[in-house]
Amino acid sequence: MNIRTRRDVKKFLEGLSTGSSSLLKNVTGGYHYHTIEAESEEILDDIQNELAEKGFLMQSRRQSGISGTDAF
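If you're matching positions, the sequence shown starts at 1 in full-length UniProt numbering and goes up one per residue.
Structure representation (structure tokens):
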């Protein structure tokens, strides 16, 4: 999707409203993941907290001892 700016978001949302784009969840059965990068761990923590508050995170099912949350 390569959405990096507010302008990119606006163009994507316009595509949804005209039918030229579809939600990724419709293609993937509702689950998908994103890579999020930030300049600091503090910013990443803020992003994770905001996503959790909005219900966009699910608990990871990793058995390797690494725990965390993944966005969907």
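Think of the CB as a built atom: it goes at the ideal place given N, C-alpha and C, for glycine as much as any other residue.
7 Å Cβ cutoff met for residue i and residue j
i	j	result
isoleucine 36	isoleucine 43	no
Opening and closing residue of the alpha helix (DSSP H) in which residue i lies
i	result
asparagine 49	41-53
glycine 19	It is not in any alpha helix (DSSP H) - glycine 19 carries neither H nor E in the DSSP assignment.
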